[in-house]
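For my numbering, add 233 to where a residue sits in the sequence shown, where the first one is 1. Cβ coordinates follow ideal geometry from the N, Cα and C atoms, glycine included. Fair warning: this is a prediction, and the values are worked out from it, not measured in the lab. As structure tokens, the structure follows; a few thoughts come after it.
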Amino acid sequence: MIELRDVHTYYADSYILQGISLEVKEGSVAALLGRNGMGKTTTIRTIIGFTPPREGIIRFKEKEIQCLKPHKIARMGIGLVPQGRQIFPSLSVYENLTMAARDMERGDAWNINKIYNLFPILKTRTRIKGTLLSGGEQQMLTIGRALMTNPALLLMDEPSEGLAPIIVEEIGHIIGRLKESGISILLVEQNISMALDLADYVYIISKGVIEYESKPDDLIKNEEIVSNYLGVAGNE
Ligand SMILES: Nc1ncnc2c1ncn2[C@@H]1O[C@H](COP(=O)(O)OP(=O)(O)OP(=O)(O)O)[C@@H](O)[C@H]1O
Ligand SMILES: [Mg+2]
Numbered sequence: 234m235i236e237l238r239d240v241h242t243y244y245a246d247s248y249i250l251q252g253i254s255l256e257v258k259e260g261s262v263a264a265l266l267g268r269n270g271m272g273k274t275t276t277i278r279t280i281i282g283f284t285p286p287r288e289g290i291i292r293f294k295e296k297e298i299q300c301l302k303p304h305k306i307a308r309m310g311i312g313l314v315p316q317g318r319q320i321f322p323s324l325s326v327y328e329n330l331t332m333a334a335r336d337m338e339r340g341d342a343w344n345i346n347k348i349y350n351l352f353p354i355l356k357t358r359t360r361i362k363g364t365l366l367s368g369g370e371q372q373m374l375t376i377g378r379a380l381m382t383n384p385a386l387l388l389m390d391e392p393s394e395g396l397a398p399i400i401v402e403e404i405g406h407i408i409g410r411l412k413e414s415g416i417s418i419l420l421v422e423q424n425i426s427m428a429l430d431l432a433d434y435v436y437i438i439s440k441g442v443i444e445y446e447s448k449p450d451d452l453i454k455n456e457e458i459v460s461n462y463l464g465v466a467g468n469e
């Protein structure tokens with residue numbers, strides 16, 4: 234679905250991604266794990282084109298996208314669930330969702346009703362403004378908004394951040410359902426147990442470099458890697 238090959242990304246003179254290679258296979262979940270400030274969000278910004286790479290290749294559905302503008306990349310079928318949620322606070326749930334709608338004519342397209350089926354709580358909040366939603370509801374709205382663009386690939390940046398454990402469980406369940414529906418997912422997380430439950434493959438990033446990759450089961454057995462690169466903070 235998507236492949237990064239030797240990607241190098243800078244913020245002005247700051248050299249952040251120092252040759253990242255990873256892939257998300259069609260219909261799978263790949264997790265990108267790592268501590269704070271290691272380059273997870275930068276990887277997502279690089280893929281979507283907000284901070285394009287200075288070197289390297291990004292292939293989405295076999296096409297090179299590293300030189301395209303963000304709106305073009307999004308239109309090709311990449312949806313973003315940004316870190317910190319970033320819903321429109323002054324818009325209602327309904328308005329947040331409908332303003333993102335795209336490809337409505339497609340038979341299998343996401344629409345408001347499908348989103349409300351996935352997140353029944355949002356239906357009861359349809360006229361409520363974004364600011365008045367709980368953290369969990371905001372996260373659901375952010376995911377719903379991304380789905381309204383009918384993505385083939387979803388980039389999710391720490392969807393569990395700042396949420397109570399029971400809500401994290403619910404969001405994890407939803408991500409599992411999205412995967413079952415055929416959407417490919419790059420899941421950035423610091424919640425290791427959630428990520429390992431969902432992921433088919435795991436990458437660990439440290440200081441802009443992929444230091445480790447494996448199937449989730451192999452990572453669980455590798456205590457040294459877990460403590461070196463993820464540590465207790467990630468296991469809350
Ligand atoms: N706009 C920016 N300009 C300059 N440096 C930045 C910018 N955004 C991030 N950085 C730096 O790039 C590095 C990687 O940041 P990034 O946001 O990708 O980390 P992260 O892994 O997503 O961390 P977190 O878990 O805290 O979200 C950090 O050292 C950060 O300070
Ligand atoms: Mg981040």
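Expected contact under 8 Å - CB spacing of residue i and residue j to nearest Å
i, j, result
"I438", "L463", "That belief does not hold up - the Cβ atoms of I438 and L463 are roughly 11 Å apart, past 8 Å."
"G310", "V442", "Rounded, the Cβ-Cβ distance is 28 Å, inconsistent with contact."
"N329", "R360", "That belief does not hold up - the Cβ atoms of N329 and R360 are roughly 11 Å apart, past 8 Å."
"L250", "T275", "6 Å"
"L351", "I400", "Contact flag wrong, Cβ pair sits at about 15 Å."
Residue i: CB within 7 Å of a non-hydrogen atom of ligand 2
i, result
"D341", "no"
"E413", "no"
"E391", "yes"
"T242", "no"
"Q316", "yes"
"K273", "yes"
Residue i: CB within 7 Å of a non-hydrogen atom of ligand 1
i, result
"S439", "no"
"G267", "yes"
"I249", "yes"
"K296", "no"
"K347", "no"
"Q423", "yes"
"G368", "no"
"G395", "no"
"G270", "yes"
Top-ranked residue by Cα proximity to residue i, from the options
i, options, result
"L374", "A397, E422, P322 and A342", "P322"
"T279", "T359, D390 and Q371", "D390"
"L286", "K440, D239 and K356", "Per the sequence shown, residue 286 should be read as Pro rather than Leu. If we check each option's Cα against that of P286, D239 comes out closest."
"L237", "Y243, Q299 and D246", "Q299"
"V314", "I404, E288, K294 and E259", "I404"
"G363", "S393, N383, D341 and S325", "S325"
"F293", "E394, P449 and E259", "E259"
"Y248", "L431, M234 and E288", "E288"
"I453", "E444, L429 and Y445", "L429"
"S367", "G317, G267, D246 and D451", "G317"
**Asked** So does the region 262 to 270 actually touch the region 415 to 424, counting three or more Cβ pairs closer than 8 Å?
**Response** Inter-segment contact for the region 262 to 270 and the region 415 to 424 is present: three or more beta-carbon pairs are separated by less than 8 Å.
**Prompt:** Is there contact between the region 297 to 310 and the region 268 to 282, where contact requires at least three CB pairs shorter than 8 Å?
**Reply:** They touch, by the three-pair rule.
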